[in-house]
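K.L.:
Pasting in a structure now, in structure tokens, and then I'll have a few things to ask.
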Amino acid sequence: MARLTHPVRPWRGAVLLVAGLYFAVPLLASLVFTVDVPGRGFTLDSYTRIFGADGFIPALLRSLGLALATVALALALTVPAALAVRLSGSARLRAVLEVVCTLPLVVPPVALVAGLGTVLKWGPDQLATTPLYDTFVAIQNPSFPLVLVFAYVVMALPFVYRSLDAGLRAVEVRTLVEAARDLGASWPRALFTVVLPNLRTALLNASFLTLALVLGEFTVASLLGFQPFAVWIVQASGADAQLSVAVSLLSLLLTWGVLLALTGLARTRGGRGARAGASPAFRRKEAVS
Numbered sequence: 041m042a043r044l045t046h047p048v049r050p051w052r053g054a055v056l057l058v059a060g061l062y063f064a065v066p067l068l069a070s071l072v073f074t075v076d077v078p079g080r081g082f083t084l085d086s087y088t089r090i091f092g093a094d095g096f097i098p099a100l101l102r103s104l105g106l107a108l109a110t111v112a113l114a115l116a117l118t119v120p121a122a123l124a125v126r127l128s129g130s131a132r133l134r135a136v137l138e139v140v141c142t143l144p145l146v147v148p149p150v151a152l153v154a155g156l157g158t159v160l161k162w163g164p165d166q167l168a169t170t171p172l173y174d175t176f177v178a179i180q181n182p183s184f185p186l187v188l189v190f191a192y193v194v195m196a197l198p199f200v201y202r203s204l205d206a207g208l209r210a211v212e213v214r215t216l217v218e219a220a221r222d223l224g225a226s227w228p229r230a231l232f233t234v235v236l237p238n239l240r241t242a243l244l245n246a247s248f249l250t251l252a253l254v255l256g257e258f259t260v261a262s263l264l265g266f267q268p269f270a271v272w273i274v275q276a277s278g279a280d281a282q283l284s285v286a287v288s289l290l291s292l293l294l295t296w297g298v299l300l301a302l303t304g305l306a307r308t309r310g311g312r313g314a315r316a317g318a319s320p321a322f323r324r325k326e327a328v329s
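Residue numbers (my numbering): 41 to 329.
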């Protein structure tokens with residue numbers, strides 16, 4: 041029997057090397073910039089001063105709060121819509137939902153800010169004598185600007201929808217729901233105990249992408265006059281460039297760590313599912329354990 045061989049493609053190694061250098065060289069240069077101080081030599085002072093820097097903790101907590109609120113609102117809007125379209129089986133509704141959710145990709149953040157800025161300037165004059173005025177002021181509270189959450193949800197919709205759509209393509213949603221309903225489960229129980237656990241990886245991916253977007257977003261927050269984490273980093277760079285670069289590196293490492301953790305979790309769950317589906321003995325073993 042002929043032995044199958046794969047052709048050697050040395051250009052793949054060259055491409056990977058160039059790509060690795062493309063990402064590694066700026067990071068190494070940034071690291072050297074933060075630890076090599078002219079006249080003092082090697083020092084970790086830029087990293088030890090991070091948590092004591094003025095405004096660092098409030099800005100970080102503000103961004104984390106905005107990220108959690110954005111994740112919750114984006115999933116609350118997208119998951120029911122995607123499930124309803126998938127269960128209905130309507131190709132037309134699916135096309136409409138896809139267009140609506142991917143439309144923010146073609147809208148520049150500057151244009152989004154221009155629209156929001158116009159509404160925020162128009163609101164006080166038109167709503168001053170109405171009960172909505174207090175709500176209009178509350179969503180612009182500098183300590184937790186809800187208006188940024190609304191803007192971030194719009195910007196995150198394409199990423200959330202694509203993650204959920206990929207997860208729904210890999211799951212027979214209608215079959216799962218019909219089986220759960222035949223066994224006596226209500227619609228909410230069928231969705232929360234049968235469908236959503238099978239979409240856990242897709243939900244985690246959507247949450248991670250939204251978290252990364254919110255933590256790194258600068259344009260909208262800066263033009264609207266708020267100070268989340270990304271804006272604080274830019275403002276801190278004017279007074280202490282080494283500190284701002286050190287904070288940027290740590291936030292990048294944190295983001296990579298979360299991504300690796302989610303990837304490992306997805307692979308672990310996928311491997312268990314594949315072994316369980318391929319071997320009845322494995323399912324019995326898992327049930328006993």
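Glycine residues also receive a C-beta, built at the ideal position from the N, C-alpha and C atoms.
Since the structure is predicted, the reported quantities are computational estimates derived from the model, not experimental observations.
Grab me the residues of Ala122's own chain with a C-beta within less than 8 angstroms of its C-beta, minus the 5 sequence neighbours each way, in chain order.
P.N.:
The answer, listed in chain order, is Leu137, Tyr201, Leu204, Asp205 and Leu208.
K.L.:
Drop a sphere of 10 angstroms on the beta-carbon of Trp272, count the other beta-carbons inside from all chains shown, and report buried for 16 or more, exposed for fewer.
P.N.:
The residue is buried, with at least 16 neighbouring Cβ atoms inside 10 Å.
K.L.:
So Gln166 is in the alpha helix (DSSP H); what residue range does that whole segment cover?
P.N.:
Unbroken alpha helix (DSSP H) run through Gln166: Pro149 to Leu167.
K.L.:
Do the CB positions of Gly105 and Phe190 come within less than 8 angstroms of each other?
P.N.:
The answer is no: Cβ separation not under 8 angstroms.
K.L.:
What residue range does the alpha helix (DSSP H) around Gln275 cover?
P.N.:
Residues Phe269 to Ala279.
K.L.:
Please state the DSSP three-state secondary structure of Phe82.
P.N.:
Three-state DSSP puts Phe82 in a strand.
K.L.:
Among Val254, Leu263 and Pro228, which one has its Cα closest to the Cα of Gly155?
P.N.:
Nearest option by C-alpha distance: Leu263.
K.L.:
Using DSSP's beta-bridge definition, name the partner residues of Val77.
P.N.:
Beta-bridge pairing links Val77 to Gly81.
K.L.:
Leaving out the 5 sequence neighbours to the left and right, which residues in its chain are closer than 7 angstroms to Gly265 when beta-carbon positions are compared?
P.N.:
The answer is none, since no qualifying residue turns up.
K.L.:
Run through DSSP, which three-state label would Phe258 get?
P.N.:
Coil at Phe258, not helix or strand.
K.L.:
For Ala210, does the three-state DSSP call read helix, strand or coil?
P.N.:
Here Ala210 sits in coil by DSSP.
K.L.:
Pick helix, strand or coil for Ser291, following the three-state DSSP scheme.
P.N.:
Helix, per DSSP.
K.L.:
Can you tell me which of the three DSSP states Ala314 falls into?
P.N.:
Unreliable placement is indicated for Ala314, whose pLDDT of 43 sits below 50; no coordinate value is reported for it.
K.L.:
Whose CA, out of Phe96, Val211, Pro120 and Leu84, lies closest to the CA of Thr241?
P.N.:
Cα-wise, what sits closest to Thr241 is Val211.
K.L.:
Hey, out of Leu152, Gly129, Leu186 and Ala116, whose CA is closest to Arg102's CA?
P.N.:
Out of Leu152, Gly129, Leu186 and Ala116, Leu186 has the C-alpha closest to the C-alpha of Arg102.
K.L.:
Taking only three categories from DSSP, how would you classify Thr170?
P.N.:
Three-state result, Thr170: coil.
K.L.:
Assuming Val146 is part of the alpha helix (DSSP H), what are its boundary residues?
P.N.:
Note, Val146: premise wrong, no alpha helix (DSSP H); not H, not E.
K.L.:
Let me check understanding here. Comparing Cα to Cα, which of Asp94, Ala54 and Leu299 lies closest to Ser277?
P.N.:
The residue with the shortest Cα to Cα distance from Ser277 is Asp94.
K.L.:
In or out: Asn181 buried (at least 16 other Cβ within 10 Å) or exposed?
P.N.:
Its Cβ having fewer than 16 others within 10 Å, Asn181 is exposed.
K.L.:
Let me know if Thr250 comes out buried or exposed under the rule of 16 or more other beta-carbons within 10 Å of its beta-carbon.
P.N.:
With 16 or more other Cβ atoms within 10 Å, it is buried.
K.L.:
For Arg134 and Arg126, what's the separation of their Cα atoms in angstroms?
P.N.:
About 8 angstroms.
K.L.:
For the pair the stretch 223-232 and the stretch 294-303, tell me if three or more CB-CB distances fall below 8 angstroms.
P.N.:
No, the stretch 223-232 is not in contact with the stretch 294-303.
K.L.:
Would you tell me roughly how many angstroms separate the C-alpha atoms of Asp222 and Ala107, rounded to the nearest one?
P.N.:
Taking the straight line joining both Cα atoms gives about 39 angstroms.
K.L.:
What's the gap between the Cα of Leu145 and the Cα of Val194?
P.N.:
Going by the C-alpha atoms only, they are around 10 angstroms apart.
K.L.:
Starting from Ala112 and walking both ways along the alpha helix (DSSP H), at which residues does that stretch end?
P.N.:
Here the alpha helix (DSSP H) through Ala112 covers Phe96 to Ser128.
K.L.:
My guess is that Leu115 and Leu243 are in contact by the Cβ rule of under 8 angstroms, so how many angstroms apart are they, rounded?
P.N.:
The Cβ separation is near 7 angstroms, so the contact holds.
K.L.:
Give me, in chain order, the residues of the same chain whose beta-carbon lies closer than 7 angstroms to that of Ser284; leave out the 5 immediate sequence neighbours on both sides.
P.N.:
Correct list, in chain order: Ile273, Ala276 and Ser277.
K.L.:
Give me the Cα-Cα distance between Leu57 and Ala219, rounded to the nearest whole angstrom.
P.N.:
Rounded to whole angstroms, Leu57 to Ala219 spans 50 angstroms at the Cα level.
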